[in-house]
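Student: Just so you know, the sequence shown maps onto residues 20 to 180 in the working numbering. Just so it is clear, CB atoms sit at the ideal spot from N, CA and C, and this is done for glycine as well.
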Amino acid sequence: MRYREIGQSGLQGSVVSLGTWAAGGDASWGGRDDAHAIEAIQAALDAGINWIDTAPAYGLGHSEQLIGQAIRGRRSEAIIATKCGIVWDTDEGSFLIERDGKRFYRNLSKKAVISGAEQSLKDLGTDYIDLFITHWQAIEPFQTPISETMEALLELKQAGK
20 MRYREIGQSG LQGSVVSLGT WAAGGDASWG GRDDAHAIEA IQAALDAGIN
70 WIDTAPAYGL GHSEQLIGQA IRGRRSEAII ATKCGIVWDT DEGSFLIERD
120 GKRFYRNLSK KAVISGAEQS LKDLGTDYID LFITHWQAIE PFQTPISETM
170 EALLELKQAG K
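1) Whose CA, out of F123, Q61, A54 and Q156, lies closest to the CA of Y77?
2) Are there 16 or more other CB atoms within 10 angstroms of the CB of V34, so buried, or fewer, so exposed?
3) Below 7 angstroms CB to CB, which residues in the same chain sit around F114 once its five sequence neighbours on both sides are set aside?
4) On the three-state DSSP scale, how would you describe T73?
5) Out of curiosity, what's the CA-to-CA distance linking I99 and D72?
6) Rank S82, A89 and A41 by C-alpha distance to the C-alpha of I60 and give the top, closest one.
7) When burial is assigned at 16 or more other CB atoms within 10 Å of the CB, is S28 buried or exposed?
8) Going by CA-CA distance only, name the one from E96, F151 and S139 that's closest to L173.
9) Per DSSP, Q31 is paired with what?
10) For Q138, collect the residues of the same chain with a Cβ closer than 8 angstroms to its Cβ; drop the 5 residues on either side in sequence, then sort them by chain order.
11) Alpha carbon to alpha carbon, how far is R21 from S128?
12) Nearest CA to the CA of R11: which residue from G144, L140, H55 and A56?
13) Check G87 in the structure and name its three-state DSSP category.
14) By how many angstroms is the C-alpha of L30 removed from the C-alpha of L175?
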């Protein structure tokens, strides 16, 4: 496997990454097999694929939970990239879509970013996230200034999360 530095982070990410939207399972992907998903994540790590992409919206946190199970005892082998900016536990933000009986909203407020990170840490079973990415920063909700989102991201970084 080949690796490249991710930005100026010092992290060496595999040039091939593993996306886990389907592993989370939802109406877009149909049924899921959790054991198979965990095996696939572990096989990717065995093959040297260390970059794992996920998001809380992938199966309402289920994708992150599966990753947490799969990397237990192997956390140092993985670079986890997860996201913030899509919420379904509140109607705050800009309506995005209705899926699986839930209404999803875009929300990059400081409160949503920090609470999203805390939930991701819990679901992933880890105390830090390697790459924390915003969903759709350049489009709605325009009412959330980038400075507010950045303040939250910097607080999380300073806390080592």
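Tutor: Taking the structure as given:
1) F123
2) exposed
3) R122 and Y124
4) coil
5) 6 angstroms
6) A89
7) exposed
8) Per the Cα distances, F151.
9) E24
10) P75 and G80
11) Near 37 angstroms, if we compare the C-alpha coordinates of S128 and R21.
12) No answer is possible for residue 11: the residues shown for the chain start at 20 and end at 180.
13) G87: helix per DSSP, three-state reduction.
14) 18 angstroms
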